[in-house]
Amino acid sequence: MKWLATAVAIGVGLIVLADFFFAFPLLDALGFVFKEWTILLTAFALLLGLVNLALVHLDRLARRAEPGAGYSALVLLTALTVLLIGLFLGASSDALAWVFDYLYVPLHGAFFALVAFFLATAAYRALRARSIETTLMLVAALVVFIGQAPLLGALNEAKEWVLRVPGVAGVRGILLGVALGTIATGLRLLIGMDRPYSE
Amino acid sequence: MIQCPLCGYENRDGSKFCGNCGARLTQSSGLTCPMCGEPNKVESVFCSKCGARLVPLIVAPTEQAPPTTPPIKGLSLPAKPPAETPAQTEPPAQTAPREATSSSEWLDRLRTLQPEEEAPAKPASEEEAQVPEGLGAPATPSAEEAAPRAPVEAEEDIPDWLRTSIPTEPRAEEETPPSEPAPSREDWLRQLREATTAVEEVPDWLKPAAAIPATEEPAPAEPSALPPLELASVPIETAIPEWLRETAPEPSAEKPAPVEEEKPGETLIESLVAAAPPTTPVAPAWLTEEPAAAEEEDLPDWLRTPVPIEPGAPLVAEPAAPAIEPAAPDQVPAWLTALKPGEVEAPFAELEKEPIETSGPLFGLAGVLPLAAAIAEPHALPQPPAPRSTEGARAFEAILASAPASAAPAVRPRRVWTMRPLIYLLLALAIVIPFFVPFDLFGLSVPISGGVAAEEFVRVIDALPPNSTVLLSFDYEPGLAGEMDLQATAIVRHLIRRPVKIVAVSTLETGPQMARRVLEPAARAAGNYDYGVHYVILGYLPGNEAALSKLATDGFAPDAREAVYQVAFSTTPVGANVKTLRDVALVIEFAGTDAALRMWMEQVQPRANARIVAGVSAAVEPNARAYRSAGQLTALIGGLLGAAQYEILSQQPQPGLAVISVNAQTAAQLTLVAIVILGNIVYWVRRPRRVKDQRG
Numbered sequence: 344m345k346w347l348a349t350a351v352a353i354g355v356g357l358i359v360l361a362d363f364f365f366a367f368p369l370l371d372a373l374g375f376v377f378k379e380w381t382i383l384l385t386a387f388a389l390l391l392g393l394v395n396l397a398l399v400h401l402d403r404l405a406r407r408a409e410p411g412a413g414y415s416a417l418v419l420l421t422a423l424t425v426l427l428i429g430l431f432l433g434a435s436s437d438a439l440a441w442v443f444d445y446l447y448v449p450l451h452g453a454f455f456a457l458v459a460f461f462l463a464t465a466a467y468r469a470l471r472a473r474s475i476e477t478t479l480m481l482v483a484a485l486v487v488f489i490g491q492a493p494l495l496g497a498l499n500e501a502k503e504w505v506l507r508v509p510g511v512a513g514v515r516g517i518l519l520g521v522a523l524g525t526i527a528t529g530l531r532l533l534i535g536m537d538r539p540y541s542e
Numbered sequence: 004m005i006q007c008p009l010c011g012y013e014n015r016d017g018s019k020f021c022g023n024c025g026a027r028l029t030q031s032s033g034l035t036c037p038m039c040g041e042p043n044k045v046e047s048v049f050c051s052k053c054g055a056r057l058v059p060l061i062v063a064p065t066e067q068a069p070p071t072t073p074p075i076k077g078l079s080l081p082a083k084p085p086a087e088t089p090a091q092t093e094p095p096a097q098t099a100p101r102e103a104t105s106s107s108e109w110l111d112r113l114r115t116l117q118p119e120e121e122a123p124a125k126p127a128s129e130e131e132a133q134v135p136e137g138l139g140a141p142a143t144p145s146a147e148e149a150a151p152r153a154p155v156e157a158e159e160d161i162p163d164w165l166r167t168s169i170p171t172e173p174r175a176e177e178e179t180p181p182s183e184p185a186p187s188r189e190d191w192l193r194q195l196r197e198a199t200t201a202v203e204e205v206p207d208w209l210k211p212a213a214a215i216p217a218t219e220e221p222a223p224a225e226p227s228a229l230p231p232l233e234l235a236s237v238p239i240e241t242a243i244p245e246w247l248r249e250t251a252p253e254p255s256a257e258k259p260a261p262v263e264e265e266k267p268g269e270t271l272i273e274s275l276v277a278a279a280p281p282t283t284p285v286a287p288a289w290l291t292e293e294p295a296a297a298e299e300e301d302l303p304d305w306l307r308t309p310v311p312i313e314p315g316a317p318l319v320a321e322p323a324a325p326a327i328e329p330a331a332p333d334q335v336p337a338w339l340t341a342l343k344p345g346e347v348e349a350p351f352a353e354l355e356k357e358p359i360e361t362s363g364p365l366f367g368l369a370g371v372l373p374l375a376a377a378i379a380e381p382h383a384l385p386q387p388p389a390p391r392s393t394e395g396a397r398a399f400e401a402i403l404a405s406a407p408a409s410a411a412p413a414v415r416p417r418r419v420w421t422m423r424p425l426i427y428l429l430l431a432l433a434i435v436i437p438f439f440v441p442f443d444l445f446g447l448s449v450p451i452s453g454g455v456a457a458e459e460f461v462r463v464i465d466a467l468p469p470n471s472t473v474l475l476s477f478d479y480e481p482g483l484a485g486e487m488d489l490q491a492t493a494i495v496r497h498l499i500r501r502p503v504k505i506v507a508v509s510t511l512e513t514g515p516q517m518a519r520r521v522l523e524p525a526a527r528a529a530g531n532y533d534y535g536v537h538y539v540i541l542g543y544l545p546g547n548e549a550a551l552s553k554l555a556t557d558g559f560a561p562d563a564r565e566a567v568y569q570v571a572f573s574t575t576p577v578g579a580n581v582k583t584l585r586d587v588a589l590v591i592e593f594a595g596t597d598a599a600l601r602m603w604m605e606q607v608q609p610r611a612n613a614r615i616v617a618g619v620s621a622a623v624e625p626n627a628r629a630y631r632s633a634g635q636l637t638a639l640i641g642g643l644l645g646a647a648q649y650e651i652l653s654q655q656p657q658p659g660l661a662v663i664s665v666n667a668q669t670a671a672q673l674t675l676v677a678i679v680i681l682g683n684i685v686y687w688v689r690r691p692r693r694v695k696d697q698r699g
């Protein structure tokens, strides 16, 4: 039945692509339906992710000898608590807002803030003038660091130049590469060379 | 149709075995490989299956003997098509059974492929007079009785291959060149007589046949009577196939005296023994050892069980020696050299131990890869180990054998001091202190300037018509709340002061909560900015690109409900006049990741031709600058500094948390610059010593 999945994928892909380029009532209607299906499938994928998370941690709990089983229990307990609060009290309830504001956001923010310390030690070891290339990178990093701080306005213009000229040039190159890669991937999917849906 | 040589049953063309008796039929139409048993064509030189050589290289008896006949190619001679040799269908007398092993089949094949035209040309009486009785048939009469026998009877008794091998006097004259220095018939016969004393040297398997004593006294033999080549010195020409007899010394054509007249009571074996030169073993070692070394079934019956010759029976004196091509020793096939004595017996004995290949191109061969056997066998050390190595091994063995007397106290590894704790401490202090000790305290107020981008952003917001609707997308994770919430709060406060209506969406699951975290405090602070009337949260838009594409082309779903009270969006005062993105004055994207911003730039901006401004995190700002410079983004602010600049430029009543956070960020960044500079100083100070150590 792989041929059927391939045929469906190619057909739907061509219709959506044609809907992007042409304004035709039939194509618009088909494109609308396919987008709706995609949205529904994405929502179900979120539900499947939740089920998968529960199964993984339940399996880890079943094997108590495995390290980290306690954390799995904590994950399941927390997820169940938040789920029950959302189901019974509502997504916009004060209880869920409290959990979100005073548990989820601070924990997430603290976890993310650790990156600053790791980056600091990495900068200490990596940003060293070992060669010409590393020296250039070191100078650029120092210019952006200092220019980002409004304390020294003199380097603000230099920082803007670094970000506007060489920075944007590099980003454009990356974006062009991503676009070409996306086109190539789309063509491979449309002609059936890549079939990730059937694997 | 193929007629069976044994039973005469006519089989279909292409049959390999007789349908009546099961005899093999293919040997009459080709050569059987002695190595793998594969039938090959008559004219084949090498086996088509295993590549073994089918044609033996011919060794000239003497270098002085010029070839009298065209060079013989090998076993396939005479290269006559099978159809032209009717004698093939006739089983040779006294030959081995057809079900003999493959090694004997080629011998049978030789017998059946003798030139047909030569045998009938000889008179029957002459043939009978010269064919040894023991080789012909068990009940062969004596020479006196066989002489008057009819030719037809003689043909029945004598096999064809023997018939053709019997040299006749006229034929010998034709084939023997006048200048050939072959020994004369008298010399050869004298050698036979002289060599009869070497009966004691006959191998055991030949002694029973040599039981009949010789009638004449032996005479010293002449070593020079036989050719020096080994293959040519084989003295049993009459008992072996023609290709071996070809190596025998050519008899004298002038006096082909019959042997039986001189030794009437001598058996064939005695004559064979007598034919050997005295200086060499009478029966060569390779011949005497052949029954033991090789398989018994390799020998045909006529060679395995010698038949005694009746007194007076004719004995083949000597075959005609055809011209033989000299062959190099390395060109002699293995199966032929295996019959040679000495150095070739040991390898073959080892090969018998090797398993025979059952598949592949080496099918039927054994010992082709002697390296494997060499690897499998343990190799002895070329020399005993050095005393020092032996002592070391003994010491190591003693260490392993001796158990530790007492467990040594666990030594705590020395802790290596690194810069990491210092870096962490400095960074933490740089972040925390500004929140409690304002820079203004020391007169070091941070001048926030250079906010060109923020000025553009503020102008866009100021240009919004009053009571217009703005779409806000909160696409950042809670981890970025410390940075993005400040941006969003400053912008929302500015929007509320305009005033404009706000519709909040998100492409992330946590987006609606993030929108609530920003909108509710700002609305509460404004006082008269109510949910549903001035702003609404539509919630999460699942589907990523598909959701934004649908939003750009089809607008808001008619049945969309707001996230707080689950009321239909179209029924709210905010959503009453908002159906598509064309009804939205501005789209403000708060992007915490590059992917979120790219989705809006790719799916929404080109399709809906919407005005989009973005507030992004500092990590996304370099990428977002590309969209800003391309004009897809109308305005852009990035990071905490952008939020602080916006707070100041939007002339909000009281500076928010963004300005205070910028002070902490500035301190952290300057600390980081100091750490980097310190790292380079340490690196350059330690570098000479490190280089010296590396060179040393």
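Residue numbers (the numbering used here), protein chains in the order written: chain W, 344 to 542; chain R, 4 to 699.
Where is the CB? At the ideal position from N, CA and C, for every residue including glycine.
Small disclaimer: the values here were computed from a predicted structure and weren't measured.
Q: Could you check if R:Arg628 is buried or exposed, using at least 16 other CB atoms within 10 Å of its CB as the buried criterion?
A: Taking the first residue of the second sequence as 1, we reach residue 628 of chain R at position 625. Label assigned to R:Arg628: buried.
Q.
Looking at chain R, is there any beta carbon in it that lies within less than 8 Å of the beta carbon of W:Ala472?
A. If you number the first sequence from 1, residue 472 of chain W lands on position 129. Output row for W:Ala472: interface = yes.
**Q.** Contact set between R:Asn626 and chain W, taken where Cβ atoms lie within less than 7 Å
**A.** Against the second sequence, residue 626 of chain R aligns to sequence position 623. Those are Val514, listed as they occur along chain W.
Q: For R:Arg520, count neighbouring Cβ atoms within 10 angstroms of its own Cβ and tell me buried if that reaches 16, exposed if not.
A: Residue 520 of chain R sits at position 517 when you count from the first residue of the second sequence. So R:Arg520 ends up on the buried side.
Q. Should R:Asn626 be labelled buried (16 or more other beta-carbon atoms within 10 Å of its own) or exposed?
A. Along the second sequence, one-based indexing puts residue 626 of chain R at 623. R:Asn626 is buried by the Cβ-count criterion.
**Q.** The alpha helix (DSSP H) enclosing R:Ile540, as first and last residue numbers
**A.** Reading the second sequence from its first residue, position 537 is the one you call residue 540 of chain R. Note, R:Ile540: premise wrong, no alpha helix (DSSP H); beta strand (DSSP E) at Tyr538 to Tyr543.
Q) Three or more C-beta pairs closer than 8 Å, one from the segment 477-484 of chain R and one from the segment 508-523 of chain R: is that the case here? A) yes
Q. So, R:Gly645 versus R:Ala457, is the Cβ gap smaller than 8 Å?
A. Your numbering for residue 645 of chain R matches position 642 in the second sequence. Your numbering for residue 457 of chain R matches position 454 in the second sequence. Cβ distance < 8 Å, so R:Gly645 and R:Ala457 count as in contact.
Q.
For a cutoff of 8 Å on Cβ pairs, would you count W:Leu360 as touching chain R?
A. Walking along the first sequence from the start, residue 360 of chain W turns up at place 17. Not one chain R Cβ lies under 8 Å of W:Leu360.
Q: Identify the contact partners of W:Tyr540 in chain R, using a Cβ-Cβ distance below 9 Å as the criterion.
A: Here residue 540 of chain W corresponds to residue number 197 of the first sequence, with the count starting at 1. Result: empty, since nearest Cβ-Cβ is about 16 Å, beyond 9 Å.
Q: May I ask you to list the residues that DSSP assigns as paired with R:Leu504?
A: Mapped onto the second sequence, residue 504 of chain R falls at position 501. Sequence inspection shows Lys at residue 504 of chain R; the Leu mentioned does not correspond to that position. Beta-bridge pairing links R:Lys504 to R:Thr472.
Q | C-beta atoms of R:Pro502 and R:Ala588 nearer than 8 Å | A | Your numbering for residue 502 of chain R matches position 499 in the second sequence. Your numbering for residue 588 of chain R matches position 585 in the second sequence. It is not a contact, given that the beta carbons lie outside the stated cut-off.
Q.
Could you check whether R:Ala611 and R:Leu584 sit closer than 8 Å to each other, using their CB atoms as the reference points?
A. Within the second sequence, residue 584 of chain R is the residue found at index 581, counting from 1. Within the second sequence, residue 611 of chain R is the residue found at index 608, counting from 1. Yes.
Q: Would you identify the three-state DSSP class for R:Glu486, choosing helix, strand or coil?
A: Indexing the second sequence from 1 puts residue 486 of chain R at position 483. Helix.
Q: Please work out which residues of its chain come closer than 6 Å, Cβ to Cβ, to W:Ala472, disregarding the five sequence neighbours upstream and downstream, and give them in chain order.
A: Stepping through the first sequence from its first residue, residue 472 of chain W is reached at position 129. Cβ within range, chain order: Thr478 and Leu481.
Q. Among the residues of its own chain, which have a CB less than 8 Å from the CB of W:Val487, if the five just before and after it don't count?
A. For the purposes of this step, residue 487 of chain W is taken as residue 144 along the first sequence, with counting starting at 1. Cβ neighbours of W:Val487 beyond the five flanking positions: Lys502, Val505 and Leu506.
Q: For chain W, find out if any of its Cβ atoms is closer than 8 Å to the Cβ of R:Phe445; answer yes or no.
A: In the second sequence, the residue the question calls residue 445 of chain R occupies position 442. Because R:Phe445 carries a pLDDT of 48, less than 50, the predicted location of this residue cannot be relied on, and the following value inherits that uncertainty. So no, R:Phe445 is outside the interface.
Q: Give the residues of chain R in contact with W:Val448, contact being defined as C-beta atoms less than 7 Å apart.
A: The sequence position of residue 448 of chain W within the first sequence is 105, counting from 1. Those within 7 Å of W:Val448 in chain R are Pro481 and Ala484.
Q | As assigned by DSSP and simplified to three states, the class of W:Arg507 | A | Here the question's residue 507 of chain W lines up with position 164 in the first sequence. Here W:Arg507 sits in helix by DSSP.
Q | For W:Ile534, three-class secondary structure by DSSP | A | If you number the first sequence from 1, residue 534 of chain W lands on position 191. DSSP places W:Ile534 in coil when its eight states are reduced to three.
Q. Can you name the residues of chain R whose CB is closer than 7 Å to the CB of W:Gly510?
A. By one-based count along the first sequence, residue 510 of chain W stands at place 167. Within 7 Å Cβ-Cβ: Pro625 and Arg628.
Q) Going by other Cβ atoms of all chains shown within 10 Å of its Cβ, with 16 needed for buried, is R:Tyr538 buried or exposed? A) Start at 1 with the first residue of the second sequence, and residue 538 of chain R comes out as number 535. Counting Cβ neighbours within 10 Å, R:Tyr538 comes out buried, since at least 16 surround it.
Q: Work out the CA separation of W:Tyr467 and R:Asn683 for me, nearest whole Å.
A: By 1-based counting over the second sequence, the position of residue 683 of chain R is 680. By 1-based counting over the first sequence, the position of residue 467 of chain W is 124. Roughly 8 Å between the two C-alpha positions.
Q.
Distance check for R:Gln654 and W:Phe461, CA to CA, integer angstroms please.
A. Looking up residue 461 of chain W in the first sequence gives position 118. Looking up residue 654 of chain R in the second sequence gives position 651. Cα to Cα, the separation comes out at about 36 Å.
Q) If we count Cβ pairs, one from each stretch, closer than 8 Å, do we get three or more for the segment 567-579 of chain R versus the segment 601-611 of chain R? A) no
Q) Which residues of chain A have a Cβ atom closer than 8 Å to the Cβ of W:His451, listed in chain order? A) Among the protein chains in the structure shown, which are W and R, there is no chain A.
**Q.** Extent of the continuous alpha helix (DSSP H) to which R:Ile434 belongs
**A.** Position 431 of the second sequence, counted from the start, is the residue given in the question as residue 434 of chain R. Segment Arg423 to Phe439, the alpha helix (DSSP H) holding R:Ile434.
Q: Can you grab the Cα-Cα spacing for the pair W:Val394 / W:Pro410, in whole Å?
A: As a first step, residue 394 of chain W must be located in the first sequence, where it is residue number 51. As a first step, residue 410 of chain W must be located in the first sequence, where it is residue number 67. Approximately 22 Å, taken between the alpha carbons.
Q. CA-CA distance, R:Arg174 and R:Leu365?
A. For this step, residue 174 of chain R is matched to residue 171 along the second sequence. For this step, residue 365 of chain R is matched to residue 362 along the second sequence. Below a pLDDT of 50, predicted positions are generally treated as unreliable, and R:Arg174, at 44, falls in that range; no measurement from the model is reported.
**Q.** Sheet register partners of R:Ala571 (DSSP bridge)
**A.** Position 568 of the second sequence, counted from the first residue, corresponds to residue 571 of chain R. For R:Ala571, which the question treats as bridged, DSSP gives the partners R:Arg564.
Q) W:Thr464 CB to nearest chain R CB: under 8 Å? A) For the purposes of this step, residue 464 of chain W is taken as residue 121 along the first sequence, with counting starting at 1. Judged by the 8 Å Cβ criterion, W:Thr464 is in contact with chain R.
Q: With DSSP as the reference, label W:Phe488 as helix, strand or coil.
A: As a first step, residue 488 of chain W must be located in the first sequence, where it is residue number 145. In the structure shown, W:Phe488 sits in a helix (DSSP, three-state: H, G or I).
Q | DSSP-derived helix/strand/coil call for W:Val418 | A | Position 75 of the first sequence, counted from the start, is the residue given in the question as residue 418 of chain W. Three-state result, W:Val418: helix.
(Q) Please list, in chain order, the residues of the segment 678-693 of chain R that have any C-beta partner in chain W closer than 7 Å. (A) Ile678, Val679, Gly682, Asn683 and Tyr686
Q: Establish whether the CB of W:Tyr414 and some CB of chain R are separated by less than 8 Å.
A: Looking up residue 414 of chain W in the first sequence gives position 71. Judged by the 8 Å Cβ criterion, W:Tyr414 is not in contact with chain R.
Q | Closer than 7 Å at the beta carbon, the chain R residues around W:Tyr445 | A | Looking up residue 445 of chain W in the first sequence gives position 102. Under the 7 Å cutoff, chain R gives no residues; its nearest Cβ is about 11 Å from W:Tyr445.
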